[in-house]
Amino acid sequence: MSEPPSTFEREALRQQLLLRTLWQDGDPAGLDDWLVDAPARQQRGLLAYRINAAASAERALATAYPTVAALVGVDSFGALARDLWRQRAPECGDLGEWGAALPAFIADSESLASEPYLADSARLDWSVHLASRAADGLAAPPVLDALATQPPESLRLRLRPGTHLVASAWPVASIWLAHQPVLAEPRGDTDRFADVRAAFAEGRAEQALVWRDGYAVRVEALDAGDAAFTRALLDGATLAAALDAAGDSFAFDRWLVRALQERRMMAVESMDTA
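Shown next as structure tokens:
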């Protein structure tokens, strides 16, 4: 005969049932034995919790996707957040971890098909959000001795936690940067969206690098060589393979100086060649 659940197990089960009910994924009747209030008061309480949970989820999603929120407007983003909340409810209590499904959700939305860049803008927003929550990494600069003493075939360059590369057929880095006026230089009366309109007119595709520079998250559009090199490093390639991917026009010395100045690189690692 199995033993009855412990107090800890009962509380964990009660919280799981409550969360599923709040996210409208569970039957409220399943909570009857766990709540002390009368049924009518239980329903009023659950309704209040659901309203508050939906509002909290909407605020969390707006925090993670500020560019998308600005592009579609407050009302439309609120409706989008509520739709996502109903169809892809949070699976844990930390709403900062909820929202990864939004880019695919946007891409599949018929009502947003006229804004084809929006899904990739969401991918970039989410990458920035993940970078903001990534580990700080080591404070000391990486030791570079191995670059002078070992062949590139035996080395890997490890980028800092939170580094992402978002490839798009649209100028997503320019869009993101245009929505960050606090990062821009004073421009007087200059329209900060002029570059975005020019990028759309050119049909410019961009590969956006996202990385942590101290407590700040940076975004930059990379050229083809830098993007190929970065992608290879993120995929775990050796330095030699990454250089091959970048092509003959890629200047490693220039990349290294910037990587050190902007704290993009975590370490130079020697591989076990034995």
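First residue of the sequence shown? That's 1198 in my numbering, and the numbers climb one at a time after it. We treat Cβ as the ideally placed atom computed from N, Cα and C, and that holds for glycine.
Whole-Å CB distance - residue i paired with residue j, under 8 Å assumed
i: E1459; j: D1423; result: With a Cβ gap of about 13 Å, E1459 and D1423 do not count as contacting.
i: I1303; j: A1319; result: 5 Å
i: A1328; j: V1271; result: About 25 Å separates the two Cβ atoms, so there is no contact after all.
i: A1298; j: R1283; result: In fact, because the Cβ distance is near 12 Å, the residues do not count as touching under 8 Å.
i: A1343; j: S1467; result: 5 Å
i: L1356; j: L1431; result: 7 Å
i: V1369; j: D1317; result: 5 Å
i: G1444; j: A1425; result: 7 Å
Pairwise C-alpha distance: residue j and residue i
i: D1333; j: L1354; result: 17 Å
i: Q1347; j: D1280; result: 54 Å
i: D1275; j: E1255; result: First, the residue type needs correcting, since residue 1275 is Gly and not Asp in the sequence shown. Computed Cα separation, rounded: 6 Å.
i: I1475; j: W1323; result: Within the shown structure, residues of the chain are numbered from 1198 to 1471, placing residue 1475 beyond reach of any answer.
i: Y1412; j: L1315; result: 27 Å
i: W1452; j: A1442; result: 14 Å
i: L1352; j: V1416; result: 26 Å
i: A1405; j: F1449; result: 19 Å
i: A1267; j: A1375; result: 11 Å
i: Y1262; j: A1345; result: 43 Å
i: A1252; j: L1362; result: 31 Å
i: L1440; j: L1419; result: 15 Å
i: E1307; j: R1394; result: 24 Å
i: T1435; j: T1427; result: 11 Å
i: R1455; j: A1421; result: 17 Å
i: E1312; j: G1433; result: 34 Å
i: D1305; j: D1388; result: 32 Å
i: V1265; j: A1259; result: 8 Å
i: A1398; j: S1273; result: 26 Å
i: F1309; j: W1367; result: Note that residue 1309 is Leu in the sequence shown, not Phe. Looking at the two C-alpha atoms, the distance is approximately 15 Å.
i: Q1377; j: E1294; result: 23 Å
Residue i burial status per 10 Å Cβ neighbour count (16 or more: buried)
i: M1462; result: buried
i: G1359; result: buried
i: F1390; result: exposed
i: V1340; result: exposed
i: L1457; result: exposed
i: P1287; result: buried
i: A1396; result: buried
i: G1400; result: exposed
Beta-carbon proximity of residue i to residue j, cut-off 8 Å
i: G1296; j: A1331; result: no
i: P1349; j: A1437; result: yes
i: S1446; j: A1402; result: no
i: V1325; j: V1465; result: no
Problem - Runs of beta strand (DSSP E) wholly within the region 1303-1366 (minimum 3 residues, chain order) - result: 1352-1356 and 1361-1365
Practice task
Give, in chain order, every unbroken run of the alpha helix (DSSP H) that is at least 4 residues long and sits entirely within the region 1420-1448.
Solution key: 1421-1431 and 1436-1443
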